Amino acid sequence: MQMIQYFIRIFKKENVPVWLLSYTIMSTSQTTGLIELIPNAQSLDAMKKSDYWPGSLRAFFEKTYGPTDSTPFKEAIDAYISSLAGYSVVCYILAIKDRHNGNIMMDNKGRLIHIDYGFVFGIAPGKKFSMETAPWKLTEEMVEVRTNDNSMLSKVVYVYIIYICCLNFLQFVLLHVIMHTHTCTRTQVMGGLNSPGYEKFVSLTTSALGAVRKYTNEFLGLMEILAFKSNYPAFSYNPNAMMDLRDRMLPSVSDADLPAKVIEMMNKCYKHSGAIRYDKFQVLTNGIAR
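Be aware that the sequence shown starts at 0, since it is given in numbering that gives the first Met the number 0, and climbs by one per residue.
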């Protein structure tokens, strides 16, 4: 958590408008402790299992914050994007794993909050083996969500329209397009890969990573302090943790080339097969919603 607080200070000092949450963890013994409650928030897993869940993140935002052109909706999307960018960089730099929907929360302002940092610096639930090999988690749902209305009523109406319009080819084509739009509607959280929302996400992530890179030596020093005589499993299973962190700072990438590098990393993260498999694994083993 000290690392998260350091990230927050860096972003504030460098005027990067991304958002992170730091909460208190108090050790009461070698094996027990207390964790501060995060108010007005619940895990994505709990959200998806609730009766309130409308079926997709986009639908959730519309149901909770109102029409897409309303101020509350726009503010919630902005909050979502700024938190997603901030935590993407944190998860990358600290190599945070176990990012299933039970360990990602959302508050009442639309901001994502990552919790449970038990697997960091190269250790995963499978020790050195991990399905989560992308720089950070970026599922299709986080960017764009496809919902399909395949109700029997829609099918009956569609068949009836085909029958009525079969004598007029142009009308048929027009109504076919209309019905296709109805039965397969694309709903986008940020607005899609080519949207201003996604461009803002990429820009914020680039700025955040660029800011953090300025403090590489400070991060390495802080990590050395944390590792000194530490019984933290990450340092036992990965003796190269410090060198790996230095490499994640991309020392060979210039500031001018960083935007292109971030886009390359985004492309790797988006719908990454390892993240998909890990979410499916969590569904099967722990019942955690995808």
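Glycine included, every Cβ here is placed at the ideal spot set by N, Cα and C.
Small disclaimer: the values here were computed from a predicted structure and weren't measured.
In the three-state DSSP reduction, Phe200 falls in the helix class (H, G or I). Look at Phe128 here: in three-state DSSP terms it is strand. Counted as a single uninterrupted DSSP element, the beta strand (DSSP E) harbouring Asp106 occupies residues Ile103 to Asp106. By a beta-carbon distance limit of 8 Å, Tyr86 does not contact Val142. Their separation comes to about 15 Å.
A check of alpha carbon separations from Lys12 across Pro195, Gly209 and Met104 identifies Gly209 as the nearest. A contact is defined here as three or more CB-CB pairs under 8 Å, and the segment 102-120 meets this definition with respect to the segment 227-238. The residue among Gln1, Glu223, Asp97 and Ser81 with its C-alpha nearest the C-alpha of Ser206 is Ser81. By the neighbour-count definition (other C-beta atoms within 10 Å, threshold 16), Tyr51 is an exposed residue. Bounds of the beta strand (DSSP E) holding Met25 are Ile24 to Ser26. If you draw a 10 Å sphere on the C-beta of Gln4, you find fewer than 16 other C-beta atoms in it, and that means exposed. Put simply, of Leu257, Ile262, Leu225 and Thr132 the residue whose alpha carbon is nearest the alpha carbon of His271 is Thr132.
Remark: C-beta atoms of Met2 and Met46 do not approach each other more closely than 8 Å. With fewer than three CB-CB distances shorter than 8 Å, the segment 251-269 does not count as touching the segment 64-83. Listed in chain order, the non-local C-beta contacts of Ile34 below 6 Å within the same chain comprise Ile24, local neighbours out to five positions each way being set aside.
Secondary structure at Ser42: strand, using DSSP grouped into helix, strand and coil.
Classified as exposed, Asn285 has fewer than 16 neighbouring CB atoms from the shown chains inside 10 Å of its CB.
Check the Cα spacing between Gly65 and each of Ser42, Gly32, Asp246 and Gly109: the tightest is with Gly109. With contacts defined by Cβ atoms closer than 8 Å, His113 and Ile95 form a contacting pair. If you compare the alpha carbons of Thr138, Gly121 and Ser55 with that of Leu83, the shortest gap goes to Thr138. Cβ-Cβ separation between Ile287 and Asp97: approximately 11 Å, too far for a contact (criterion under 8 Å). Straight-line measurement puts the Cα of Lys279 at about 30 Å from the Cα of Pro238.
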